[in-house]
Amino acid sequence: MTVTERPADPLEPAPPELAGDDLRELWEDAPGLVGFFTTVDHKRIGIRYIYTAFVFFSLAGVSALAMRAQLASPNSGLISPGTYNGLMTMHGTTMIFLFNTPVLAGFGNFLLPLMLGARDMAFPRLNAFSYWVFLFGGMFMYSSFVVGHLPDGGWFGYVPLTSSTYSPGHNIDVWGLGIIFVGLSTTVGAINFIVSTFKLRAPGMTVNRLPVFVWSMLVFSFMVLFAVPAVTLAEVLLELDRLAGTAFFVPSLGGNVLLYQHLFWFWGHPEVYILFVPSIGMVSTIIPVMSRRRIAGYLWVVASLVAIGFISFGVWVHHMFATGLPPLAISLFSAVSLVIALPSGVQFFAWIATMWRGKVELAVPMLFCLGFLLIFLLGGITGVMVAVMPFDWQVHDSYFVVAHFHYVLNGAVVFPIFAAIWFWFPKMTGRALPERWGKVSFWVMFIGFNITFFPMHILGFLGMPRRVYTYNDGLGWNGLNVIVSVGSAIFGLGTLFTLAAVLIAARRKVPVPDDPWAADTLEWATTSPPPVYNFAAIPFVEGRHPLWDVERLRRARPGAEADVGLEVDGAVGRSTPVTSGIDTLPEGVLHIPAETWVPFLVALGLVTLLVAALVSALTVAVLGLGLAVGAATTWAWRTEADLR
Amino acid sequence: MSAALLGSTSVFQGAGSEGRRIVGLWWLMFAMGAAVYVVVAGLVLTAVVRGRRRARPAADSPTADDRFIWIGGLAVPVVILAVLAVVTVTTTSNLRPVRAGELAIEVTGRRWWWDIRYPDQGIRTANELHVPVGRPLDLVLTSADVVHSFWVPALAGKVDMVTGQVNHLRVTVDRPGTYRGECAEFCGLEHARMQMLVIADPPDVFERWMARVRSGAGTTPEDEMAARGALVFQREPCGGCHTVEGTPAKGTRGPELTYFGGRRTIAAATIPNDPKELAAWIRDPQDVKRGAEMPPNGMSAEDLDALVAYLESMR
Numbered sequence: 000m001t002v003t004e005r006p007a008d009p010l011e012p013a014p015p016e017l018a019g020d021d022l023r024e025l026w027e028d029a030p031g032l033v034g035f036f037t038t039v040d041h042k043r044i045g046i047r048y049i050y051t052a053f054v055f056f057s058l059a060g061v062s063a064l065a066m067r068a069q070l071a072s073p074n075s076g077l078i079s080p081g082t083y084n085g086l087m088t089m090h091g092t093t094m095i096f097l098f099n100t101p102v103l104a105g106f107g108n109f110l111l112p113l114m115l116g117a118r119d120m121a122f123p124r125l126n127a128f129s130y131w132v133f134l135f136g137g138m139f140m141y142s143s144f145v146v147g148h149l150p151d152g153g154w155f156g157y158v159p160l161t162s163s164t165y166s167p168g169h170n171i172d173v174w175g176l177g178i179i180f181v182g183l184s185t186t187v188g189a190i191n192f193i194v195s196t197f198k199l200r201a202p203g204m205t206v207n208r209l210p211v212f213v214w215s216m217l218v219f220s221f222m223v224l225f226a227v228p229a230v231t232l233a234e235v236l237l238e239l240d241r242l243a244g245t246a247f248f249v250p251s252l253g254g255n256v257l258l259y260q261h262l263f264w265f266w267g268h269p270e271v272y273i274l275f276v277p278s279i280g281m282v283s284t285i286i287p288v289m290s291r292r293r294i295a296g297y298l299w300v301v302a303s304l305v306a307i308g309f310i311s312f313g314v315w316v317h318h319m320f321a322t323g324l325p326p327l328a329i330s331l332f333s334a335v336s337l338v339i340a341l342p343s344g345v346q347f348f349a350w351i352a353t354m355w356r357g358k359v360e361l362a363v364p365m366l367f368c369l370g371f372l373l374i375f376l377l378g379g380i381t382g383v384m385v386a387v388m389p390f391d392w393q394v395h396d397s398y399f400v401v402a403h404f405h406y407v408l409n410g411a412v413v414f415p416i417f418a419a420i421w422f423w424f425p426k427m428t429g430r431a432l433p434e435r436w437g438k439v440s441f442w443v444m445f446i447g448f449n450i451t452f453f454p455m456h457i458l459g460f461l462g463m464p465r466r467v468y469t470y471n472d473g474l475g476w477n478g479l480n481v482i483v484s485v486g487s488a489i490f491g492l493g494t495l496f497t498l499a500a501v502l503i504a505a506r507r508k509v510p511v512p513d514d515p516w517a518a519d520t521l522e523w524a525t526t527s528p529p530p531v532y533n534f535a536a537i538p539f540v541e542g543r544h545p546l547w548d549v550e551r552l553r554r555a556r557p558g559a560e561a562d563v564g565l566e567v568d569g570a571v572g573r574s575t576p577v578t579s580g581i582d583t584l585p586e587g588v589l590h591i592p593a594e595t596w597v598p599f600l601v602a603l604g605l606v607t608l609l610v611a612a613l614v615s616a617l618t619v620a621v622l623g624l625g626l627a628v629g630a631a632t633t634w635a636w637r638t639e640a641d642l643r
Numbered sequence: 000m001s002a003a004l005l006g007s008t009s010v011f012q013g014a015g016s017e018g019r020r021i022v023g024l025w026w027l028m029f030a031m032g033a034a035v036y037v038v039v040a041g042l043v044l045t046a047v048v049r050g051r052r053r054a055r056p057a058a059d060s061p062t063a064d065d066r067f068i069w070i071g072g073l074a075v076p077v078v079i080l081a082v083l084a085v086v087t088v089t090t091t092s093n094l095r096p097v098r099a100g101e102l103a104i105e106v107t108g109r110r111w112w113w114d115i116r117y118p119d120q121g122i123r124t125a126n127e128l129h130v131p132v133g134r135p136l137d138l139v140l141t142s143a144d145v146v147h148s149f150w151v152p153a154l155a156g157k158v159d160m161v162t163g164q165v166n167h168l169r170v171t172v173d174r175p176g177t178y179r180g181e182c183a184e185f186c187g188l189e190h191a192r193m194q195m196l197v198i199a200d201p202p203d204v205f206e207r208w209m210a211r212v213r214s215g216a217g218t219t220p221e222d223e224m225a226a227r228g229a230l231v232f233q234r235e236p237c238g239g240c241h242t243v244e245g246t247p248a249k250g251t252r253g254p255e256l257t258y259f260g261g262r263r264t265i266a267a268a269t270i271p272n273d274p275k276e277l278a279a280w281i282r283d284p285q286d287v288k289r290g291a292e293m294p295p296n297g298m299s300a301e302d303l304d305a306l307v308a309y310l311e312s313m314r
């Protein structure tokens with residue numbers, strides 16, 4: 000790590016009337032367990048999101064390793080077909096709904112207000128609510144493990160397989176209701192990111208000075224808002240079919256099974272980019288810092304992020320090329336699926352250009368970014384290939400596609416997430432991670448990843464279909480499957496080195512400077528870890544790279560600097576400045592609500608309702624609904640003090 | 000199982016009119032993709048090596064950066080993608096044409112086997128698709144339960160068998176051989192065990208097979224053992240689900256069993272069709288294929304031997 004040559008405190012100190020102690024008293028959570036349940040601090044919630052998501056990541060990883068053990072030899076009886084299908088379903092469901100999406104939301108939660116120079120999110124209680132819903136939703140879905148009946152309809156839950164005719168058990172309901180529930184968490188989180196980005200930027204942080212990561216979270220959030228309703232609708236209709244006897248997806252009664260696929264993929268393909276976009280944001284943040292220069296082509300990068308947001312809504316049918324839709328219709332989606340490679344190409348060359356003229360430092364976060372580049376490049380190329388309709392007819396639902404989407408969803412999302420952990424861990428905890436463990440972790444993961452997923456391309460060409468719990472001996476698939484299984488174990492081992500590094504850091508307590516990477520964005524202007532109120536004085540942003548553009552950040556103060564007009568009075572309290580949408584002029588002050596039980600209780604009430612719906616327990620349902628409505632009423636209640 | 004029993008599953012076989020073109024398309028894309036990978040990864044690594052050697056970053060040059068980005072990230076990819084788009088359209092328009100003299104074959108996906116009918120010839124079989132080489136085929140695909148997908152990698156791309164919908168796969172097989180087909184859409188418990196064989200013969204061999212099946216010759220038991228087996232078959236509940244032409248067994252829930260003895264595999268290409276495997280299968284189907292819907296049967300060993308002899312005699 001390079002130690003910055005900047006002044007020890009890069010942000011101009013706050014005047015005495017804003018000094019830390021008073022603020023700390025106003026902002027600090029209650030100690031212990033009460034604070035744990037009642038906090039609305041975006042940093043605590045963000046970190047909590049991240050480690051909860053990593054618990055689910057390890058569960059998904061263990062299921063993957065179990066599946067690979069089963070597939071290591073032909074006709075293996077290690078895992079029964081039913082269990083295998085359950086593990087396969089839960090692996091995909093967990094990785095998408097309970098790891099990738101929430102872990103990115105976690106980084107967004109932690110970083111967004113800090114990068115914006117704000118003291119919290121726009122809706123802190125909603126933020127806490129969104130975490131509890133995610134946690135309860137995940138626990139709800141995993142309760143199926145406890146009762147020993149896993150959802151086994153695939154992570155996509157195609158009808159009629161998931162209809163009550165072919166899947167009569169409660170397991171599919173656990174899955175369907177769980178997805179509806181977790182979607183609620185993602186949706187309210189997205190609203191929070193959007194409003195925070197629009198209204199809580201520090202004075203001077205105009206739209207063209209927005210950090211790329213914030214842009215990416217903004218695009219992520221808008222995509223979530225437009226995509227998630229589709230999957231929610233798909234699962235609501237599925238549950239109506241299952242629980243209420245409707246026939247949206249029952250062909251014999253006039254329903255249509257492709258309708259489900261359209262609804263699912265109308266969310267499902269944007270979802271791939273929903274995960275990818277914040278990852279790009281992370282990479283676009285880390286590469287410039289590790290190259291010691293501004294990102295090349297900021298405008299290009301931001302424009303591509305926004306373009307991906309739009310174009311990704313026009314590609315969903317490439318999951319349905321083989322369903323017998325008319326060729327003209329699918330040609331259109333084939334073309335759009337080719338076009339979406341362009342924004343990624345632009346970004347790729349922006350990263351190369353950044354490094355090209357930079358001074359590259361191969362610290363651990365940068366290694367993970369480079370691993371990402373080399374993996375994503377291959378995943379992107381095979382992505383273009385599967386957009387080519389006739390070729391897709393061959394490789395669709397084969398191991399070629401398994402290889403392709405693991406290169407993009409594992410390689411191009413999980414690697415940036417690991418880069419982000421190594422990059423921001425010092426900021427989150429104030430402690431240093433042991434570099435050497437990171438380097439080992441990276442190399443073992445990178446090698447293991449390629450040993451696992453590269454041979455899958457070939458297996459696809461050799462005709463191995465996806466989602467099979469076993470295969471016949473003598474088809475020429477045995478050797479490659481052994482390699483894949485060995486690779487998966489190596490990859491899993493690689494992730495453990497990062498876990499070990501985190502545990503070592505927790506034990507050794509080696510302190511880090513506030514800005515160990517000499518980075519450019521505002522989160523590095525405060526201490527590591529940041530104080531509970533983030534910034535004693537709200538910074539005044541004078542460029543796209545606040546910590547690089549000026550020797551020392553000035554604080555925003557009333558009357559000074561381009562009529563900033565910030566109410567010092569307001570910013571003293573438990574509040575954060577509100578600024579105008581485009582030119583970021585101060586408009587007022589947002590009161591940040593105190594810690595409260597309410598979000599936890601609403602989420603608890605709702606999950607109770609969900610469990611009651613599953614087991615048809617009316618009394619419990621009424622209790623849950625009562626709790627949720629009661630707590631939500633308290634939430635909405637305004638007192639005289641609030642209105643002042 | 001031996002290689003002949005398994006059939007080829009390789010996309011590279013290109014033994015059908017469609018599969019062959021797609022193999023050509025793949026090699027074109029492979030060449031383009033490999034070139035792109037080598038060049039771009041080369042740029043990444045060069046940038047890293049150069050950047051590592053520097054003591055401090057080079058002076059900013061937004062114009063040079065922008066030029067690099069739009070040429071490398073936009074202009075060149077536009078050209079590559081345009082080529083691909085043209086190739087996609089031309090290849091696609093050459094695939095699956097309706098041709099005169101097609102042989103129509105209805106294949107219906109069931110959990111977890113394939114029901115096969117030749118509507119114009121009025122015959123039905125299961126899990127083994129006999130086709131003539133060189134004659135255009137119209138495979139009429141649908142599902143009787145959940146969504147399946149018909150995929151014979153050596154011959155053509157896959158087409159989903161969608162509940163409540165009929166899809167067509169039009170293809171001509173170029174070379175005689177045994178090709179393995181697979182269900183490519185997750186269809187529940189035994190998705191992995193839903194496979195089939197496509198047996199492509201020269202037209203005269205195919206016609207002989209067809210003529211024999213239509214004649215019904217060889218389905219009446221000739222030796223004493225088989226005759227006893229036929230009685231066992233009628234006595235046991237087999238006929239409730241299975242059909243044997245020329246007998247009262249008219250069930251359609253399970254695979255057609257007329258000419259069962261001529262088939263190479265049992266349980267949708269899961270195990271080879273020999274008397275020992277067949278006996279084990281009838282005794283306890285779930286031991287071979289957990290999700291199989293056929294109930295286990297506790298008939299006496301003598302009855303079982305006779306039944307096996309009967310089924311194997313129909314060829």
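Sequences listed follow chains F and V, in order. Heads up: the first sequence begins at 0 in numbering that gives the first Met the number 0, then just goes up one per residue. Heads up: the second sequence begins at 0 in numbering that gives the first Met the number 0, then just goes up one per residue. Yeah, the Cβ is synthetic: ideal placement off N, Cα and C, and Gly gets one too.
Using a C-beta to C-beta distance shorter than 7 Å, which residues of chain F count as neighbours of Ile265 (chain V)?
Here residue 265 (chain V) refers to the residue found at position 266 of the second sequence. Per Cβ cutoff of 7 Å: no residues; Ile265 (chain V) is ~13 Å from chain F at best.
Outcome for Asp222 (chain V) when other beta-carbon atoms lying within 10 angstroms are tallied against a minimum of 16:
Working through the second sequence from its first residue, we reach residue 222 (chain V) at position 223. So Asp222 (chain V) counts as exposed.
Looking at the C-beta of Ala54 (chain V), does it have a partner C-beta in chain C at a distance below 8 Å?
Looking for chain C here will not work: the only protein chains present are F and V.
Same chain, Cβ closer than 8 Å to Thr525 (chain F), neighbours up to 5 away in sequence not counted:
Taking the first residue of the first sequence as position 1, residue 525 (chain F) is located at position 526. Here the set comprises Leu10, Leu113, Asp513, Asn533, Phe534.
Identity of the residue in F:Pro464, F:Val549, F:Pro528, F:Trp523 nearest Pro152 (chain V) by Cα:
To locate residue 152 (chain V), count along the second sequence from 1; it is residue 153. Per the Cα distances, F:Pro464.
Compare the C-alpha of Ala306 (chain F) against each of F:Met222, F:Thr632, F:Ala29 and name the closest.
As a first step, residue 306 (chain F) is located in the first sequence; it is residue number 307 there, counting from the start. The residue with the shortest Cα to Cα distance from Ala306 (chain F) is F:Met222.
Determine the contact status of Thr646 (chain F) and Pro210 (chain F), defining contact as a CB-CB distance below 8 Å.
With chain F running from 0 to 643 in the structure shown, residue 646 (chain F) is simply not present.
Drop a sphere of 10 angstroms on the beta-carbon of Asp562 (chain F), count the other beta-carbons inside from all chains shown, and report buried for 16 or more, exposed for fewer.
In the first sequence, the residue the question calls residue 562 (chain F) occupies position 563. Caution is warranted here: a pLDDT of 38 is assigned to Asp562 (chain F), below 50, making its placement in the model unreliable, and no coordinate value can be reported.
Mind checking if Tyr667 (chain F) is an interface residue toward chain V, Cβ cutoff 8 Å exclusive?
Coverage of chain F is limited to positions 0 through 643, which leaves residue 667 (chain F) absent and any answer about it impossible.
Starting from the C-beta of Pro228 (chain F), find all residues in its chain whose C-beta is less than 6 Å away, skip the five residues before and the five after it, and write them out in chain order.
Numbered from 1 along the first sequence, position 229 holds the residue referred to as residue 228 (chain F). Result list for Pro228 (chain F): empty, nothing under 6 Å.
Can the beta-carbon of Val363 (chain F) be found closer than 8 Å to that of Trp26 (chain F)?
As a first step, residue 363 (chain F) must be located in the first sequence, where it is residue number 364. As a first step, residue 26 (chain F) must be located in the first sequence, where it is residue number 27. Their beta carbons are not under 8 Å apart, which means Val363 (chain F) does not touch Trp26 (chain F) by this criterion.
With a threshold of 8 Å between beta carbons, is Asp59 (chain V) in contact with chain F?
As a first step, residue 59 (chain V) must be located in the second sequence, where it is residue number 60. At least one chain F Cβ lies under 8 Å of Asp59 (chain V).
Return the bridge partner residues of Met331 (chain V) from the DSSP annotation.
Outside the shown range of chain V (0 to 314) lies residue 331 (chain V), about which nothing can therefore be said.
Consult DSSP for Val77 (chain V) and reduce its assignment to one of helix, strand or coil.
Counted from its first residue, the second sequence places residue 77 (chain V) at position 78. Reduced to three states, the DSSP call for Val77 (chain V) is helix.
For my contact list, Phe496 (chain F) and Val443 (chain F) are in at a C-beta cut-off of 8 Å; report their separation, rounded to the angstrom.
Here residue 496 (chain F) refers to the residue found at position 497 of the first sequence. Here residue 443 (chain F) refers to the residue found at position 444 of the first sequence. Yes, Phe496 (chain F) and Val443 (chain F) are in contact; Cβ-Cβ is about 6 Å, under 8 Å.
Do Pro598 (chain F) and Phe128 (chain F) have their C-beta atoms within less than 8 Å of each other?
Taking the first sequence and counting its residues from 1, the one referred to as residue 598 (chain F) is at position 599. Taking the first sequence and counting its residues from 1, the one referred to as residue 128 (chain F) is at position 129. Yes; because the gap between Cβ atoms is below 8 Å, this pair is in contact.
If we ignore side chains and look at the alpha-carbon of each, how far apart do Trp299 (chain F) and Trp214 (chain F) end up?
As a first step, residue 299 (chain F) is located in the first sequence; it is residue number 300 there, counting from the start. As a first step, residue 214 (chain F) is located in the first sequence; it is residue number 215 there, counting from the start. If you take the alpha carbons of Trp299 (chain F) and Trp214 (chain F), they lie about 12 Å apart.
Assuming Arg169 (chain V) and Val86 (chain V) make a contact with CB atoms under 8 Å, what is their CB distance in whole Å?
By one-based count along the second sequence, residue 169 (chain V) stands at place 170. By one-based count along the second sequence, residue 86 (chain V) stands at place 87. That pair is no contact at about 21 Å.
Nearest neighbour of Arg109 (chain V), chosen from F:Met140, F:Phe98, F:Phe139, F:Tyr165 [CA to CA]:
The sequence position of residue 109 (chain V) within the second sequence is 110, counting from 1. Residue F:Tyr165 is the option with its Cα nearest to Arg109 (chain V).
Can you tell me which residues form a DSSP beta bridge with Lys249 (chain V)?
Residue mapping note: residue 249 (chain V) aligns to position 250 of the second sequence, counting from 1. Note: Lys249 (chain V) sits in a beta bridge opposite V:Thr242.
Taking just the CA atoms, how far does Pro454 (chain F) sit from Ala226 (chain F)?
The residue you call residue 226 (chain F) lines up with position 227 of the first sequence. The residue you call residue 454 (chain F) lines up with position 455 of the first sequence. Those two C-alpha atoms are separated by around 33 Å.
7 Å Cβ cut-off: residues of chain V touching Pro326 (chain F)
Here residue 326 (chain F) corresponds to residue number 327 of the first sequence, with the count starting at 1. The answer, in chain order, is Thr91.
Take Arg356 (chain F) as the anchor and find which of F:Phe367, F:Gly308, F:Ile310, F:Pro287 has the nearest alpha-carbon.
Position 357 of the first sequence holds residue 356 (chain F). Ranking F:Phe367, F:Gly308, F:Ile310, F:Pro287 by Cα distance to Arg356 (chain F) puts F:Pro287 first.
is_contact[Met293 (chain V), chain F] using C-beta, thresh 8 Å
As a first step, residue 293 (chain V) is located in the second sequence; it is residue number 294 there, counting from the start. No, Met293 (chain V) does not count as interfacial toward chain F.
What in chain V is Cβ-close to Tyr157 (chain F), meaning under 8 Å?
Locating residue 157 (chain F) in the first sequence gives position 158, where the first residue counts as 1. Simply Val145, Val146, Glu184, Phe185.
My guess is that Gly447 (chain F) and Phe490 (chain F) are in contact by the Cβ rule of under 8 Å, so how many angstroms apart are they, rounded?
The residue given as residue 447 (chain F) occupies position 448 in the first sequence. The residue given as residue 490 (chain F) occupies position 491 in the first sequence. With a Cβ gap of about 3 Å, Gly447 (chain F) and Phe490 (chain F) count as contacting.
Does the CB of Asp114 (chain V) have a neighbour CB from chain F at under 8 Å?
Residue mapping note: residue 114 (chain V) aligns to position 115 of the second sequence, counting from 1. By this cut-off, Asp114 (chain V) is not an interface position.
Interface residues of chain F facing Glu181 (chain V) [CB-CB closer than 8 Å]:
Taking the first residue of the second sequence as position 1, residue 181 (chain V) is located at position 182. Correct list: Gly462, Pro464.
To the nearest angstrom, how far is the alpha carbon of Ser75 (chain F) from that of Leu474 (chain F)?
The count along the first sequence starts at 1 and reaches residue 75 (chain F) at position 76. The count along the first sequence starts at 1 and reaches residue 474 (chain F) at position 475. Ser75 (chain F) and Leu474 (chain F): Cα-Cα distance of roughly 15 Å.
Quick one: is Gly478 (chain F) buried, meaning 16 or more other Cβ sit within 10 Å of its Cβ, or exposed?
Here residue 478 (chain F) is taken as the residue at index 479 of the first sequence, counted from 1. Gly478 (chain F) is exposed by the Cβ-count criterion.
Listed in chain order, which residues of the stretch 160–173 of chain V have Cβ atoms closer than 7 Å to some Cβ of chain F?
Val161, Thr162, Gly163, Gln164, Asn166
Lys157 (chain V) CB to nearest chain F CB: under 8 Å?
Looking up residue 157 (chain V) in the second sequence gives position 158. Closer than 8 Å: yes.
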